[in-house]
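Heads up, the thing below is written out as structure tokens.
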Amino acid sequence: MNRRAFLALVSGVVACAGGVGALAADTAGTVTALTGKAVAVSVEGERVLAAGAAIRDGDLITTAAASRLTLRLGRSTTVHLGPATRLKVEPHLAEAGGVLELVDGSMLYDHVRKPGAGPSNALVRSPYGLIAVRGTRFWAGRSKKRFGVFLDEGRVEVSAAGREVRLTPGLGTDMATPGDPPAAPQRWPAARVREALTETTGRPRMPSRR
54 MNRRAFLALV SGVVACAGGV GALAADTAGT VTALTGKAVA VSVEGERVLA AGAAIRDGDL
114 ITTAAASRLT LRLGRSTTVH LGPATRLKVE PHLAEAGGVL ELVDGSMLYD HVRKPGAGPS
174 NALVRSPYGL IAVRGTRFWA GRSKKRFGVF LDEGRVEVSA AGREVRLTPG LGTDMATPGD
234 PPAAPQRWPA ARVREALTET TGRPRMPSRR
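Numbering of the sequence shown is given in my numbering, commencing with residue 54 and proceeding in unit increments.
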């Protein structure tokens, strides 16, 4: 995805978010589970998070070492954050997705498309590149001393340094340092997938959907 297409998509997401302002002002979602400690930082200051706490547009969520957090964004998206992770939440739509920024750490993103709902157009930014999400479940974070993206279900497009790769289920890509292009998609060994999931969720398998 080139820069012009990215900016156009972000503008569309933000414009649509303004049209659904009836969704409890700036509330993007809630904390559904927390092990350890986590905070949300906004222009209003720092809030200590707990299960049931509201997540607002613009929050920078930070988990402590050995801590894990699960968020529900809108009605269809669950995001699991691993230890020492920082995630910024931009305007998020109840069904269509939104913009997230993975500043550091790891995450498991799970969007379940509801019957009759349109496709997800979420975007995840990171210092390593851009992940365009199309109604899917994927993992992203540090793995094997690199930044990796692994797709479990759906479709994602990973772009950086002028190159874009498309992942299909079971495949992943890596970037060694910020500014590197994504590597050609490869099938991740089961052991690597288990290691990544255990780091982020505390369990070696994909969480069940409820």
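Where a beta carbon is used, it is the ideal one built from N, C-alpha and C, also for glycine. Quick caveat, the model's predicted, so the values are computed rather than measured.
Tell me, please, which residues DSSP counts as bridged to residue i.
i, result
"K198", "K198 pairs with nothing; no bridge assigned."
"A299", "Here the chain comprises residues numbered 54 to 263, so residue 299 is not present and cannot be evaluated."
"W266", "Here the chain comprises residues numbered 54 to 263, so residue 266 is not present and cannot be evaluated."
"V177", "L153 and I184"
"R109", "T80"
"R216", "A213"
"K141", "L113 and E154"
"S95", "G98"
Roughly how many angstroms separate the alpha carbons of residue i and residue j, rounded to a whole number?
i, j, result
"R256", "G232", "31 Å"
"V84", "V92", "11 Å"
"V101", "L87", "11 Å"
"A249", "G207", "19 Å"
"P180", "R195", "12 Å"
"A276", "M228", "This structure gives no information on residue 276, because the portion of the chain shown stretches from 54 to 263."
"V177", "L183", "6 Å"
"G98", "L113", "11 Å"
"V165", "W192", "15 Å"
"D163", "V218", "20 Å"
"L220", "R109", "30 Å"
"G151", "R128", "12 Å"
Excluding the 5 residues preceding and the 5 following residue i in the sequence, name in chain order all residues of the same chain whose CB lies nearer than 6 Å to its CB.
i, result
"T253", "H133, G135, S159 and L161"
"W241", "F203 and G225"
"A106", "V84"
Near residue i, which residues of its chain fall below 7 Å by C-beta distance, leaving aside the five closest residues on each side in sequence?
i, result
"A119", "G89 and P136"
"V246", "F203"
From the DSSP output, in three-state form, read off residue i for me.
i, result
"R262", "coil"
"L250", "helix"
"A244", "helix"
"G74", "The predicted model places G74 with a pLDDT of 36, which falls under 50 and marks its position as unreliable; any figure quoted below should be read in that light. Three-state DSSP puts G74 in coil, outside helix and strand."
"L102", "coil"
"T230", "coil"
"T131", "strand"
"G225", "strand"
"A147", "With a pLDDT of 48 at A147, under the threshold of 50, the modelled position of this residue cannot be trusted; read the value that follows with caution. In the structure shown, A147 sits in coil (DSSP, three-state: anything other than H, G, I, E or B)."
What residue from the options has the CA that sits closest to residue i's CA?
i, options, result
"T230", "D157, L204 and L124", "D157"
"T131", "A104, L113, I114 and G82", "G82"
"G215", "V202, P234 and L122", "P234"
"T138", "E217, R121, V152 and W241", "R121"
"S212", "R240, G201 and D205", "G201"
"A104", "T123, T115 and T116", "T123"
"V186", "K198, R199, E210 and P222", "E210"
"S261", "T115, G223, D205 and Q239", "D205"
Take residue i and list the residues in its own chain whose beta-carbon comes closer than 8 Å to its own, dropping the five residues that flank it on each side.
i, result
"G111", "D79, S95, V96, K141, V142 and E143"
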